[in-house]
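For what it's worth, our numbering labels the leading residue of the sequence shown as -8, then goes sequentially. Using N, Cα and C, we set each Cβ at its ideal position, and we do this for glycine too.
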Amino acid sequence: MEVFAADIRDFVRRNDLAGAVVVNVASTEPAPAGGALPPSSLYAAAALRADCPYVNFTPSAGLHHPALAEAAEAA
């Protein structure tokens, strides 16, 4: 997840941008099972760590995963 956040920050820096918005338009994921975060939630967490807004245009978990809900509200 930290590698994804670093990639986002690097993209913003290399392109001399004021910021970025991470938009999820990937295909729908299966419902999360077990303790592992699904990919959409990993990218959502990386967006939070990179101080970027995250928009989810899918029914995938994204920021709605219970492990991220509190972090998203604090951001």
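Pairwise C-alpha distance: residue j and residue i
i	j	result
R5	A36	21 Å
D7	V46	22 Å
G53	A27	13 Å
S32	H55	8 Å
A22	P50	10 Å
Neighbourhood of residue i by C-beta distance below 7 Å, restricted to the same chain and skipping five residues each side
i	result
P30	E20
Y34	F(-5), V13, N15
Span of the alpha helix (DSSP H), counted from its first residue to its last, around residue i
i	result
V(-6)	-7 to 5
L33	30 to 40
Own chain residues within Cβ distance below 8 Å of residue i, not counting five before or after
i	result
E70	No statement about residue 70 is possible, as the shown extent of the chain runs from -8 to 66 and does not include it.
F48	V14, N15, V16
Unbroken beta strand (DSSP E) run spanning residue i, endpoints
i	result
V12	No beta strand (DSSP E) holds V12; DSSP gives it neither H nor E.
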